[in-house]
Amino acid sequence: MTDDGAWIVGRDRELALLTSLVKGLSSADPATEPPGTGVLVVTGSPGSGKSVLLDEACRTARAAGVRVLRCTGCEVESGLPFAGLHQLLRPVLDLAQELPARQRTALLGVFGLDEDAEPDSAQNPLLTSLGALTLLSDLAARGPVLLVVDDAHWLDVGTLDTLAFVARRLEGEPVALLVAARDQSVPAQFAREFPLLSVDPLDAASAGRLLDLQPEAPAGRARSRILDEAAGVPLALVELARAVARDPRAARESLPLTDRLEAIFAQDLPALPPATRQLLLLAAAAETAELPLILSAAAPDTTPADWHPAERAGLIRIDDGRLRFRHPLIRSAVYQSATYAQRHAAHLSLAEVFTGDPDRRAWHRAAAVEGVDEGVAEELEAGAGRARRRGGYAAAATALERAAQLSPDPADRARRLVRAATMAMYAGHPRWVAEITARVTALTEDPAVLAEASLRAGWALAVTTQFEGSLGYLLPLADAATEENPVLALDALATATTPAYNSGEPAHREKIVRIAERVPEQEDDSDRLWILAGTDPLRHRTQALALLHADRDGAGRGGPPADDESGPVRDRPLSQLITWGAAAWVLDETGEAVRLLGAALEHLRRSPTGGANATVAQALALAQYESGAWTAARASLDEAYRTAAEGGLENVVAGSPILGATLLALRGDPDAARTAVQRAVHGVDLPTCRSLQVRAHYALGAAAQAEGDHATAYDRFRAVFTQDGEPLHFHASDYHLADLAAVAVRTGRAEEARAVLDAAGRRHAEGEVSPRLAALVDRAHALLAEPDDAERHFQRSLGRPTGDRWPFERAQTRLDYAEWLRRRRRATEARPLLSAALEVFENLGARPWTERTLAELRAAGVHATAGPGQETDLSELTPQQLQIARLAAAGLTNREIGERIFLSPRTVGFHLYRIFPKLGVTARAQLRDVLPEALREVPGA
Numbered sequence: 003m004t005d006d007g008a009w010i011v012g013r014d015r016e017l018a019l020l021t022s023l024v025k026g027l028s029s030a031d032p033a034t035e036p037p038g039t040g041v042l043v044v045t046g047s048p049g050s051g052k053s054v055l056l057d058e059a060c061r062t063a064r065a066a067g068v069r070v071l072r073c074t075g076c077e078v079e080s081g082l083p084f085a086g087l088h089q090l091l092r093p094v095l096d097l098a099q100e101l102p103a104r105q106r107t108a109l110l111g112v113f114g115l116d117e118d119a120e121p122d123s124a125q126n127p128l129l130t131s132l133g134a135l136t137l138l139s140d141l142a143a144r145g146p147v148l149l150v151v152d153d154a155h156w157l158d159v160g161t162l163d164t165l166a167f168v169a170r171r172l173e174g175e176p177v178a179l180l181v182a183a184r185d186q187s188v189p190a191q192f193a194r195e196f197p198l199l200s201v202d203p204l205d206a207a208s209a210g211r212l213l214d215l216q217p218e219a220p221a222g223r224a225r226s227r228i229l230d231e232a233a234g235v236p237l238a239l240v241e242l243a244r245a246v247a248r249d250p251r252a253a254r255e256s257l258p259l260t261d262r263l264e265a266i267f268a269q270d271l272p273a274l275p276p277a278t279r280q281l282l283l284l285a286a287a288a289e290t291a292e293l294p295l296i297l298s299a300a301a302p303d304t305t306p307a308d309w310h311p312a313e314r315a316g317l318i319r320i321d322d323g324r325l326r327f328r329h330p331l332i333r334s335a336v337y338q339s340a341t342y343a344q345r346h347a348a349h350l351s352l353a354e355v356f357t358g359d360p361d362r363r364a365w366h367r368a369a370a371v372e373g374v375d376e377g378v379a380e381e382l383e384a385g386a387g388r389a390r391r392r393g394g395y396a397a398a399a400t401a402l403e404r405a406a407q408l409s410p411d412p413a414d415r416a417r418r419l420v421r422a423a424t425m426a427m428y429a430g431h432p433r434w435v436a437e438i439t440a441r442v443t444a445l446t447e448d449p450a451v452l453a454e455a456s457l458r459a460g461w462a463l464a465v466t467t468q469f470e471g472s473l474g475y476l477l478p479l480a481d482a483a484t485e486e487n488p489v490l491a492l493d494a495l496a497t498a499t500t501p502a503y504n505s506g507e508p509a510h511r512e513k514i515v516r517i518a519e520r521v522p523e524q525e526d527d528s529d530r531l532w533i534l535a536g537t538d539p540l541r542h543r544t545q546a547l548a549l550l551h552a553d554r555d556g557a558g559r560g561g562p563p564a565d566d567e568s569g570p571v572r573d574r575p576l577s578q579l580i581t582w583g584a585a586a587w588v589l590d591e592t593g594e595a596v597r598l599l600g601a602a603l604e605h606l607r608r609s610p611t612g613g614a615n616a617t618v619a620q621a622l623a624l625a626q627y628e629s630g631a632w633t634a635a636r637a638s639l640d641e642a643y644r645t646a647a648e649g650g651l652e653n654v655v656a657g658s659p660i661l662g663a664t665l666l667a668l669r670g671d672p673d674a675a676r677t678a679v680q681r682a683v684h685g686v687d688l689p690t691c692r693s694l695q696v697r698a699h700y701a702l703g704a705a706a707q708a709e710g711d712h713a714t715a716y717d718r719f720r721a722v723f724t725q726d727g728e729p730l731h732f733h734a735s736d737y738h739l740a741d742l743a744a745v746a747v748r749t750g751r752a753e754e755a756r757a758v759l760d761a762a763g764r765r766h767a768e769g770e771v772s773p774r775l776a777a778l779v780d781r782a783h784a785l786l787a788e789p790d791d792a793e794r795h796f797q798r799s800l801g802r803p804t805g806d807r808w809p810f811e812r813a814q815t816r817l818d819y820a821e822w823l824r825r826r827r828r829a830t831e832a833r834p835l836l837s838a839a840l841e842v843f844e845n846l847g848a849r850p851w852t853e854r855t856l857a858e859l860r861a862a863g864v865h866a867t868a869g870p871g872q873e874t875d876l877s878e879l880t881p882q883q884l885q886i887a888r889l890a891a892a893g894l895t896n897r898e899i900g901e902r903i904f905l906s907p908r909t910v911g912f913h914l915y916r917i918f919p920k921l922g923v924t925a926r927a928q929l930r931d932v933l934p935e936a937l938r939e940v941p942g943a
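For the sequence shown, my numbering assigns the number 943 to the last residue and increments by one with no breaks.
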């Protein structure tokens, strides 16, 4: 039994998990081990007992000396930015004065509590989240903390984003988070990444026990009817038992469960005094639980005593001047049982109370509007502007959506919807953008508004895997704008190039090129650079490289050269950095891509927008992987995945783990690689996303190759080409020609591989091949050539002067050539090649390739053992730990590191405590000595 007399029946498993979570906070000895931390999402249908379980967790926590902070989502507050966060942190906001200045300003600013803030100053949601995390970390330094969030499905988006940010960074903190939400409405921020505890209906025996514990336990037919209709939902069992106790004839009714429950909750209302019913309606409609504000909206003769009948009926609880409904469905029943006129009057009364709070006033006026009202729409639009300046892009989008609904003029409605879509895009929510823009077409014929809506809709689908839909918006827009608005046309085509590249469908790329040819040259032609490189890097290589070098050197724009790594590149516009970096990666200007995309990512980390970080971080990870910076690539792809998961960017959510699986396979963990690929592609229609399909095939082929399963590896590498030998993906496939050749000769399928290689040669003759691809093709020819003809191909591959830019691929060629030499009794010539290859493989931590090279060295008469390798020592670090080690080695303090990567200083210290023994150091001053030279320099540090 709980403190308030409620019985908990049939929930032993759930209680054990919650108790374990709480005890993990309070039982650890801080001198010897970090406290246990955790996140648990409790889901279940309405009335399943989630709130009761959370109440019990709070009681257990307080009994164990754990500080509890709690908030409850409220449907009418879901449009107010950071309302839930304010409710959660309000008891400890005095600690905000101890935060770093930027974090304090950001956190207090979203609550409107920073008196020094400029009225129109934009807030950074990342700093807001970091401020909340640091505040909780500072609080936890005084003792463990349990955060309890009920009805999360009704929380505002800003609060949910902040809580998810905090939840991902609790490691090392004596803080746990419990989140409860309805099973069909779990917020996206908590739906995938965190452990779920499903609170299922009670079994028949437990349901019967719960009925037996009621003050007037039902019997006979009434009992059977209650058990049938309640279907194991505890709240329904309890409330139906009460209804039958009041009126035995109620057992004869047969209503749908939800209607039945709401009817039960409203059944107590007619017996209440009118003043009490009015107070309950105001409380149900209000955006605050503070009694004085609700009372001030009531009739003049209302007194606090008018709450007593509702308290005695068990509908509400009042503690410390704040009101809480016993269950959210009671609030719903109160509101829905009122007439429209009563609800209208309640919202008008509340609007009068909030004269000093224009945002809440606007929302209550909106709730009281009959039809449309331009004045209220303008108030909501102004509120959206205030939310945007505070960094509340999601709240701004919500307000603009409602403003559009209230707009009498369809043109204004369309304009506000497009603005809402833009805010949702900045918030990083592509599905929401798509939903909003879908409503614009029927409202206006204004070409500018429709064009912006199409751009937003195309972006929303482009960052998922719905490439056909994205191109369906973007290509007609570009086609129509080529003459009247060439800048818009190039913008649309550049956006379209990304889904066209990922889909790999030739028809889309050909159409993009045809439209682009009609667009006149622009002063800033960087969009055209990506269009050329992204649609056909083979045929367009010469033209694209000319544009890339012109852009990089500042030609045609009067700007300074941008090829000094510490120089003007960081002053370039973000869009140009991303465009140049992406084009450089596709064109195999890999070092340039790492530099440009790295600068773009640093820019984005300082930006208050979301979503773009993920695509840039993934592109950077690919370039780092190809350039041999595997550990840095692992850190970048981890960042890409985290950001993509927060924003719903499906292409990156799948693509980043596939690259991670490739690294696992190449480093000798094939089982983990296969598992990672399986999880990454679950639910993805790979044939519509050929770039991902090729990368998944390669990761699985590399895993098979690591185990010596050459037959499976051949099947995977062959699958990146069609039966006719054409590339499955016009760009990605050809980089695996040498991998295919290597396993083909080991499985007796060299002739089939030669056919694929010959087809590639015919394609390559139509354009210009990059030095990287040319070296890989030479390696493939060497492996498939007749024995006496192989050497010239090996030498041509290794003779290309830029080959060391891709160290893993060059090391593979050296190993193959050395094997060929040794088999011809030329071991002396093979040894230096093997030694050079071994150094690369060891540095990368490529264990299967290291072992193969060592075996060749021993066969060549060299006694060799594996060295530790520069990156082998780092292989035990997680990507986040590596990032912390790099920043600490660069001289940043824990607080500075935390602000940069959005962790609390305490968590940074916890990670360093774990990092030191892994690297064999005892002080942060030693970190610089153990890190590879390529990882010692940190941009902006």
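We treat Cβ as the ideally placed atom computed from N, Cα and C, and that holds for glycine.
Because the structure is a prediction, the values reported are computed rather than measured.
**Request:** With DSSP as the reference, label residue 200 as helix, strand or coil.
**Result:** strand
**Item:** Closest residue to residue 208 among 412, 109, 451, 13 (Cα-Cα distance)
**Value:** 13
**Prompt:** When we look at the beta-carbon of residue 186 and count the other beta-carbons within 10 Å, is it buried (16 or more) or exposed?
**Reply:** exposed
**Asked** Since residue 183 sits in a beta bridge, which residues does DSSP pair it with?
**Response** 45
**Request:** In the DSSP assignment, find the beta strand (DSSP E) that holds residue 96 and state where it starts and stops.
**Result:** Looking at the DSSP string, residue 96 is not in any beta strand (DSSP E), and its letter there is neither H nor E.
**Prompt:** What is the rounded straight-line gap between the Cα of residue 302 and the Cα of residue 273?
**Reply:** So the two alpha carbons sit approximately 22 Å from each other.
**Prompt:** Among 42, 49, 55, 863, which residue has its Cα nearest to the Cα of residue 10?
**Reply:** Among 42, 49, 55, 863, the Cα nearest to that of residue 10 belongs to 55.
**Message:** Excluding the 5 residues flanking residue 464 on each side, which residues of the same chain have their C-beta closer than 7 Å to its C-beta?
**Reply:** 472, 497, 500, 501
**Message:** I'd like the ranges of any alpha helix (DSSP H) spanning at least 4 consecutive residues and lying wholly in the stretch 125-160.
**Reply:** 127-142
**Request:** Check whether the stretch 683-701 touches the stretch 717-733, counting contact only when three or more Cβ pairs, one atom from each stretch, lie closer than 8 Å.
**Result:** yes
**Asked** Taking three-plus beta-carbon pairs below 8 Å as touching, is the stretch 770-783 in contact with the stretch 586-595?
**Response** A contact exists between the stretch 770-783 and the stretch 586-595.
**Asked** Taking the alpha carbon of residue 357 as the point to measure from, which residue in 766, 298, 234 has its own alpha carbon closest?
**Response** Residue 298 is the option with its Cα nearest to residue 357.
**Prompt:** Since residue 178 sits in a beta bridge, which residues does DSSP pair it with?
**Reply:** 40, 148.
**Prompt:** With contact counted as at least three CB pairs below 8 Å, one residue from each stretch, are the stretch 799-809 and the stretch 761-768 in contact?
**Reply:** no
**Request:** Let me know the alpha helix (DSSP H) ranges lying completely inside the stretch 593-648, each 4 residues or longer, listed in chain order.
**Result:** 614-628
**Asked** Excluding the five sequence neighbours on either side, which residues of its own chain have a C-beta within less than 8 Å of the C-beta of residue 64, listed in chain order?
**Response** For residue 64, where only same-chain residues beyond five positions count, the Cβ hits under 8 Å are 70.
**Prompt:** Between residue 439 and residue 453, what straight-line distance do the alpha-carbon atoms span, to the nearest angstrom?
**Reply:** 11 Å
**Straight-line Cα distance separating residue 741 from residue 34** = Annotation note: pLDDT 42 at residue 34 (below 50); position unreliable, coordinate value reported separately. Taking the straight line from one Cα to the other gives about 49 Å.
**Asked** For residue 34, does the three-state DSSP call read helix, strand or coil?
**Response** Legend: pLDDT at residue 34 = 42, less than 50; position of this residue unreliable, no value from coordinates given.
**Request:** Reducing DSSP to helix, strand and coil, say where residue 659 ends up.
**Result:** helix
**Three-state secondary structure assigned by DSSP to residue 10** = coil
**Prompt:** Where do the ends of the beta strand (DSSP E) carrying residue 467 lie?
**Reply:** No beta strand (DSSP E) holds residue 467; DSSP gives it neither H nor E.
**Message:** So, under 8 Å CB-CB, residue 650 and residue 431 are touching, yes? Tell me the CB distance rounded to an integer number of Å.
**Reply:** 6 Å
**Message:** Rounded to whole angstroms, what is the Cα-Cα separation between residue 460 and residue 518?
**Reply:** Answer to the nearest angstrom: the Cα atoms are 17 Å apart.
**Prompt:** Does the stretch 897-911 come close enough to the stretch 124-141 to have 3 or more Cβ pairs within less than 8 Å?
**Reply:** yes
**Message:** Any beta carbon from chain B within less than 7 Å of residue 209's own beta carbon?
**Reply:** No chain B is present in this structure, which holds just one protein chain.
**Straight-line Cα distance separating residue 514 from residue 646** = 27 Å
**Request:** Taking residue 415 as the reference, give the member of 109, 376, 427 with the closest Cα.
**Result:** 376
**Item:** Rounded straight-line distance, which links the Cα of residue 680 to that of residue 123
**Value:** With a pLDDT of 49 at residue 123, under the threshold of 50, the modelled position of this residue cannot be trusted; read the value that follows with caution. Taking the straight line from one Cα to the other gives about 45 Å.
**Asked** Do residue 862 and residue 829 come within 7 Å of each other at the CB atom, strictly closer than that value?
**Response** yes
**Prompt:** Between which two residues does the beta strand (DSSP E) carrying residue 324 extend?
**Reply:** Judged by DSSP secondary structure, residue 324 falls within the beta strand (DSSP E) whose first and last residues are 324-327.
**Prompt:** Are residue 488 and residue 522 closer than 7 Å when you measure CB to CB?
**Reply:** Cβ distance < 7 Å, so residue 488 and residue 522 count as in contact.
**Asked** From residue 101 to residue 201, what distance separates their C-alpha atoms?
**Response** 38 Å
**Message:** My assumption, with CB atoms under 8 Å, is that residue 417 sits in contact with residue 451. Please give the rounded CB distance.
**Reply:** 6 Å
**Prompt:** Taking the alpha helix (DSSP H) that residue 590 falls in, what are its first and last residues?
**Reply:** No alpha helix (DSSP H) holds residue 590; DSSP gives it neither H nor E.
**Item:** Limits of the unbroken beta strand (DSSP E) element including residue 74
**Value:** If you look at residue 74, you'll find it in the beta strand (DSSP E) that goes 69-74.
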